[in-house]
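K.L.:
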Amino acid sequence: MSKVTGKRDVYLDDRPWEEALEEYMAYLEQKGVLNPGPPEVVAVEEARGRVTAAPVYARVSSPHYHAAAMDGYAVRAALTFGASETAPKRLAVGSEAIMVDTGDPLPEGCDAVIMVEDVHFVSPEVLEITQPVYPWQHVRPIGEDIVATEMIVPANHRVRPVDIGGLLAGGVTEISVHPRPRVAILPTGTELVEPGRELRPGDIIDYNSRMLAGLVSEWGGDPVRKKITADDFEALRQSLLEALQESDVVLINAGSSAGSEDYTAEVIRSLGRVLVHGVATKPGKPVILGEVDGRPVIGVPGYPVSAYLCADLFVKPIIYKKLGSVPPARRKIEATVSRKLVSSLGVEEFVRVKLGQVGDKIIATPISRGAGIIMSLIRADGIVRVPRLSEGYGAGQAVPVELLRPLEEIKETTVIIGSHDIALDVLANYLRRLYPQASLSSAHVGSLAGLNALKRGEAHCAGTHLLDEETGEYNVSYIQRLLPDRGVVLVNLVYREQGLIVAKGNPKGIRGLEDLARPGVTFVNRQRGAGTRVLLDYHLKQLGISPDQINGYEREEYTHMAVAAAVAGGVDAGLGIRAAAVALGLDFIPLAEERYDLCIPREYWDTPYIQRLLTVMNLPEFRKEVQALGGYDLRDCGKVMWEQK
826 MSKVTGKRDV YLDDRPWEEA LEEYMAYLEQ KGVLNPGPPE VVAVEEARGR
876 VTAAPVYARV SSPHYHAAAM DGYAVRAALT FGASETAPKR LAVGSEAIMV
926 DTGDPLPEGC DAVIMVEDVH FVSPEVLEIT QPVYPWQHVR PIGEDIVATE
976 MIVPANHRVR PVDIGGLLAG GVTEISVHPR PRVAILPTGT ELVEPGRELR
1026 PGDIIDYNSR MLAGLVSEWG GDPVRKKITA DDFEALRQSL LEALQESDVV
1076 LINAGSSAGS EDYTAEVIRS LGRVLVHGVA TKPGKPVILG EVDGRPVIGV
1126 PGYPVSAYLC ADLFVKPIIY KKLGSVPPAR RKIEATVSRK LVSSLGVEEF
1176 VRVKLGQVGD KIIATPISRG AGIIMSLIRA DGIVRVPRLS EGYGAGQAVP
1226 VELLRPLEEI KETTVIIGSH DIALDVLANY LRRLYPQASL SSAHVGSLAG
1276 LNALKRGEAH CAGTHLLDEE TGEYNVSYIQ RLLPDRGVVL VNLVYREQGL
1326 IVAKGNPKGI RGLEDLARPG VTFVNRQRGA GTRVLLDYHL KQLGISPDQI
1376 NGYEREEYTH MAVAAAVAGG VDAGLGIRAA AVALGLDFIP LAEERYDLCI
1426 PREYWDTPYI QRLLTVMNLP EFRKEVQALG GYDLRDCGKV MWEQK
């Protein structure tokens, strides 16, 4: 039976995370919790990534003898003095000049080496030189590299491959290192199932514990992933007690909020102390910082982005501290926000962004901000922190960005802002395969927003499929209106089928847009400015249907896949492309074929950013894979459809 408490748990704190971390670390420091454990001895050859517990001194010199640094002849330098082109010196081979190879010990009585290419043989027994050598020329003296008793690496040093070489050269075969902190990870939740299990409605794959284990290992800790514990007070308490017996730090994943089945804070409090419950961050607010029996116990929120962020902010410093080191700082750059970034006052928000260099600016495009969107971590190139006392940033504003990817790689990124299409994901994949140094950043903000991004100089090209209601032409009139003085090239990517995405079997019997006005039919729309929204409004106007008649017209999604997912989740219909319906096994009612183009500013046409895309678009395998998605025609793929000088 679960323990039932008299009152629902609430957050104890809501303060800056830096303040919470400082108090927590100070508390743990006072209790001696953060001190490294007893040192352990490891073989130098297996020490990469370990942290030294004491300075390491050379046992022998390197080299430990006077060694020839070149192939040639060892001599006593004094015998060569005075040699010149006009007065060459002759030396007897074997007595005055002794042949040596690189690395050979210097023969007794010799203090220099003449390179083999600088000698001329008068006979097999006599060589001639035309220039002298000075003492110790082309010789590696004892201790040139390492002198016995010299410190090779200090304490609290993370061992690198070059350090391994230096340690072995100094005669050291074993070193004393700090033990890796053992971090127990307790996944909790009745709904959790192991990866690979057949999923039922309500099941959630336990991937957080694997992600957390990877982070712990990356930081130098030793992760110990425990079995899943159901949402039960006594079961969680017992799991925590067992974990404390075999670990230095315990992470309890999920159950840190204030719901009826969130027991983490209560369990920690029953065995030890909760110092912090709740910080002013988004995501990651309900983190718990506690201590039981002299061990840090941290309640990590269940949403993956929250879990990642809280581990980065609160777990990483503990692991590094117990290893006698500090976390490396991420590189920071200044970037320009591509669209308005609104945030709530009172919390510091960590916004994931895609990055790319356009002209002389680095452009930061916010991606999904939900705490449950692990793909936002996979796609992110950097993080923008919105301060607690700020309501966000305006489009075009300069902001500091913490890099999650090397700047050199970001500078090779083609930035596409505009309408969403699944073919862009295929394009990005083949771009990376053909050009491993390159990548594609695709921000799905709608066709109109994409053209406006070009106007502001924030993208290399824009995906657009805007239908002119009067002419039936795609994109041209909008470009002429929004970019009248800009040289652009309009290149086709695909023609695609747009239509109604409906549930498998079409249980509501929907046949066309007119059925969206029927009572009991629910709908999911695309955002304002999206070409799909423009197409919908065009057809509704022709049919004489008011948006007010459609249940769900105001519900907006930013991609075709999000629309399809909404339909798979219970909405009756949404307007999107056939490929999205096929991907999720849904039915599709075709309405129209539309042209999806890339609008490319002329100044980027001859750059690698665009020329690489054009090369990929002409690959037969790329076209074949796009066509296999369903609902695509690539008859004009890569073709210039229109140009504005």
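Everything in the sequence shown is counted per this note's numbering, starting at 826 for the first residue and increasing by one.
Cβ coordinates follow ideal geometry from the N, Cα and C atoms, glycine included.
In this text, all values refer to a predicted model and were calculated from it rather than measured experimentally.
#1: Between the alpha carbons of D1246 and P1153, how many angstroms are there, rounded?
#2: On a CA-only basis, which of R1156, A1220, L1170 and E953 is nearest G1207? Give me that one, please.
#3: By how many angstroms is the C-alpha of S1131 removed from the C-alpha of H1102?
#4: Is R1351 helix, strand or coil when you go by DSSP?
#5: Locate the beta strand (DSSP E) running through P1121, then write down its first and last residues.
#6: Counting Cβ pairs, one atom from each stretch, are 3 or more of them under 8 Å apart for the stretch 1409-1427 and the stretch 1286-1299?
#7: May I ask you to list the residues that DSSP assigns as paired with C1424?
#8: Enumerate in chain order the residues of its own chain whose CB-to-CB distance from E975 is below 6 Å, with the five nearest sequence positions on each side excluded.
#9: Can you tell me whether S1072 is buried or exposed, with buried defined as 16 or more other CB within 10 angstroms of its CB?
#10: Closer than 7 Å by C-beta to N1443: which residues in its own chain qualify, once you throw out the five before and the five after it? Chain order, please.
#11: Pick from H891, A1038 and G996: whose alpha carbon is nearest that of I967?
#12: Reducing DSSP to helix, strand and coil, say where H1102 ends up.
#13: Applying the 10 Å Cβ sphere with the 16-neighbour rule, what's the burial state of Y1218?
#14: In three-state DSSP terms, what is K1052?
#15: Leaving out the 5 sequence neighbours to the left and right, which residues in its chain are closer than 7 Å to D1118 when beta-carbon positions are compared?
#16: Within 10 angstroms of its Cβ, does P1415 collect 16 or more other Cβ (buried), or is it exposed?
#17: Where does N1277 fall in DSSP's three states?
#18: Tell me, please, which residues DSSP counts as bridged to K1179.
#19: Shortest alpha-carbon distance to L1341 belongs to which of V1316, N1317 and G1369?
#20: Along the alpha helix (DSSP H) that carries M1386, what are the first and last residues, could you check?
#21: So which of V1104, L1017, A1105 and W1044 has the shortest CA-CA distance to N1078?
#22: Cutting at 7 Å between CB atoms, please list the residues of its own chain near E969, excluding the five before and the five after it.
#23: For M940, which residues does DSSP report across the bridge?
#24: Which of helix, strand or coil does DSSP assign to I1199?
#25: For V789, which three-state DSSP category applies?
#26: Tell me, please, whether the stretch 1002-1013 touches the stretch 858-871 by the rule of three or more beta-carbon pairs shorter than 8 Å.
#27: Looking only at C-alpha atoms, which of L952, R873, V925 and T927 sits nearest to A908?
#28: In this structure, how does DSSP classify V1209 when only helix, strand and coil are distinguished?
#29: Can you tell me whether DSSP reads L1308 as helix, strand or coil?
#30: So, are the CB atoms of S1163 and V1211 less than 7 Å apart?
#31: Let me check understanding here. Comparing Cα to Cα, which of A1284, M1466, L1361 and V1349 lies closest to E1298?
#32: Where F1139 and L846 are concerned, what is the direct C-alpha to C-alpha distance, given to the nearest angstrom?
#33: With 16 other CB atoms within 10 Å as the buried threshold, where does K1427 fall?
#34: May I ask you to report which of helix, strand or coil DSSP gives D1458?
#35: Going by DSSP in three states, W1430 sits in which element: helix, strand or coil?
#36: With distances taken from CA atoms, which of L992, K1146 and I1402 is nearest Q1323?
P.N.:
Looking at the atomic coordinates:
#1: In the sequence shown, residue 1246 corresponds to position 421, counting from 1. In the sequence shown, residue 1153 corresponds to position 328, counting from 1. C-alpha of D1246 to C-alpha of P1153: approximately 38 Å in a straight line.
#2: As a first step, residue 1207 must be located in the sequence shown, where it is residue number 382. Looking at the Cα atoms, R1156 is the closest of the given residues.
#3: Locating residue 1102 in the sequence shown gives position 277, counting from the first residue. Locating residue 1131 in the sequence shown gives position 306, counting from the first residue. Approximately 14 Å, taken between the alpha carbons.
#4: Your numbering for residue 1351 matches position 526 in the sequence shown. When DSSP states are grouped into helix, strand and coil, R1351 belongs to the strand group.
#5: Position 296 of the sequence shown, counted from the start, is the residue given in the question as residue 1121. Taken as a continuous stretch (DSSP letters only), the beta strand (DSSP E) holding P1121 covers R1120 to V1125.
#6: yes
#7: One-based indexing of the sequence shown puts residue 1424 at position 599. In DSSP, C1424 forms a bridge with A1287 and L1315.
#8: To locate residue 975, count along the sequence shown from 1; it is residue 150. Cβ within range, chain order: A883.
#9: As a working note, residue 1072 is residue 247 in the sequence shown. S1072 is buried by the Cβ-count criterion.
#10: Here residue 1443 is taken as the residue at index 618 of the sequence shown, counted from 1. So the qualifying residues of the chain are G1463.
#11: The residue labelled residue 967 in the question sits at position 142 within the sequence shown. It is H891 whose Cα lies nearest to the Cα of I967.
#12: Numbered from its first residue, the sequence shown carries residue 1102 at position 277. Here DSSP, grouped into helix, strand and coil, assigns H1102 to strand.
#13: Residue numbering aside, residue 1218 sits at position 393 when the sequence shown is read from its first letter. The residue in question, Y1218, is buried, as its Cβ has 16 or more Cβ neighbours within 10 Å.
#14: Locating residue 1052 in the sequence shown gives position 227, where the first residue counts as 1. Here K1052 carries a coil assignment [DSSP, helix/strand/coil].
#15: Residue numbering aside, residue 1118 sits at position 293 when the sequence shown is read from its first letter. Close CB contacts of D1118 within its chain, under the 7 Å cut and outside five residues either way in sequence, are with L1069 and G1097 (chain order).
#16: Taking the first residue of the sequence shown as position 1, residue 1415 is located at position 590. A residue is called buried when at least 16 other Cβ atoms come within 10 angstroms of its Cβ; P1415 does not meet this threshold and is exposed.
#17: On the sequence shown, residue 1277 is found 452 positions in, with the first residue counted as 1. Three-state result, N1277: helix.
#18: Mapped onto the sequence shown, residue 1179 falls at position 354. According to DSSP, which records beta bridges pairwise, K1179 is partnered with T1190.
#19: Position 516 of the sequence shown, counted from the first residue, corresponds to residue 1341. It is G1369 whose Cα lies nearest to the Cα of L1341.
#20: Your numbering for residue 1386 matches position 561 in the sequence shown. Its alpha helix (DSSP H) spans residues H1385 to A1393.
#21: Working through the sequence shown from its first residue, we reach residue 1078 at position 253. Considering only alpha carbons, the answer is L1017.
#22: Along the sequence shown, one-based indexing puts residue 969 at 144. Counting only Cβ-Cβ distances below 7 Å, and skipping sequence neighbours, we find P888.
#23: For the purposes of this step, residue 940 is taken as residue 115 along the sequence shown, with counting starting at 1. Bridge pairing for M940: G897 [DSSP].
#24: As a first step, residue 1199 must be located in the sequence shown, where it is residue number 374. Reduced to three states, the DSSP call for I1199 is coil.
#25: Since the first residue of the chain shown is 826 and the last is 1470, residue 789 is not available in this structure.
#26: yes
#27: In the sequence shown, residue 908 corresponds to position 83, counting from 1. The residue with the shortest Cα to Cα distance from A908 is L952.
#28: Position 384 of the sequence shown, counted from the start, is the residue given in the question as residue 1209. In the three-state scheme derived from DSSP, where H, G and I count as helix and E and B as strand, V1209 is classed as strand.
#29: By 1-based counting over the sequence shown, the position of residue 1308 is 483. If DSSP states are grouped into helix, strand and coil, L1308 belongs with coil.
#30: Here the question's residue 1163 lines up with position 338 in the sequence shown. Here the question's residue 1211 lines up with position 386 in the sequence shown. Contact flag unset, no.
#31: Counting from 1 along the sequence shown, the entry for residue 1298 is found at position 473. If we check each option's Cα against that of E1298, M1466 comes out closest.
#32: The residue you call residue 1139 lines up with position 314 of the sequence shown. The residue you call residue 846 lines up with position 21 of the sequence shown. If you draw a straight line from the Cα of F1139 to the Cα of L846, it is about 7 Å long.
#33: Residue mapping note: residue 1427 aligns to position 602 of the sequence shown, counting from 1. Rather than Lys, the amino acid found at residue 1427 in this sequence is Arg. The residue is exposed, with fewer than 16 neighbouring Cβ atoms inside 10 Å.
#34: Start at 1 with the first residue of the sequence shown, and residue 1458 comes out as number 633. Looking at D1458 - three-state DSSP - the assignment turns out to be strand.
#35: Translated into positions along the sequence shown, residue 1430 becomes position 605. Coil, per DSSP.
#36: For the purposes of this step, residue 1323 is taken as residue 498 along the sequence shown, with counting starting at 1. Minimum Cα distance to Q1323 is reached at I1402.
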